[in-house]
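To start, the structure under review is shown below, and the notes come after it.
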Amino acid sequence: MRRSRSTADAGRTPASGRVAAVLAAAAILVFAPGIAQAAFKGTATASTSVGTLSLPVPTGASVTASCPSGRKLSITVVSYGTVPRATGYDFILTDPNGVNVPTTGGTYSEHPAASGTWTYQIHGLYQASPGNVWIGQPFTGTVTC
């Protein structure tokens, strides 16, 4: 006697079982993204090189400063000097109270000047990038009124 297959038996065939297993595996990978992404994670390392630049005191810098009787202060930068790799220079004048005083073109005069010791500095500057300026060691001097 020959047995006929019913539709219920069709689900038990080996080919159908393989298709079901493949579909189940695909569903697990689609609905569990962490498993699928794990194959794409990796780690890399590299070294970073960092350097520093030290700008020395300006060589040959020269300033004339005087404050004779009557406290008539006069300060003039004669030479900013030279600093290797400097892209610019600045002149900073500080009054006896420790406040930086604006100067024009490296000159300053005031009469009567505040009594006490005035300090001036010349620095070499190096602009590494816009907004990133390195300031060198100062050439420093004082004058007393």
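Numbering follows the numbering used here, in which position 112 of the sequence shown is assigned residue number 104; successive positions increment by one, without gaps. Built from N, CA and C at the ideal position, the CB exists for glycine as well.
Membership of T111 in the beta strand (DSSP E) is indicated by the continuous run T109 to S121. Between Y112 and A57 the beta-carbon gap is near 7 Å, inside 8 Å, which marks them as a contact. Restricted to the stretch 54 to 103, not a single alpha helix (DSSP H) segment is unbroken, complete and at least 4 residues in length.
When rounded, the separation of the alpha-carbon atoms in E102 and S39 is 55 Å.
When rounded, the separation of the alpha-carbon atoms in A78 and S54 is 17 Å.
Minimum Cα-Cα distance from I84 among the listed residues T74, T99, L65 and P76 corresponds to T99. Of the candidates T86, T132, Y72 and G97, T86 places its Cα closest to the Cα of S107.
By the neighbour-count criterion, in which 16 or more other beta carbons inside 10 Å mark a residue as buried, I114 falls on the buried side. Rounded to whole angstroms, the separation of the alpha carbons of A120 and Q129 is 17 Å.
Residue pairing by DSSP places T51 opposite T74 in a beta bridge.
The straight-line gap separating the alpha-carbon atoms of A105 and V69 is approximately 18 Å. For G133, the uninterrupted beta strand (DSSP E) segment begins and ends at F131 to T136. A distance below 6 Å between beta-carbons, with the five flanking residues on each side excluded, links V125 to the following residues of its chain, in chain order: L117 and Q119.
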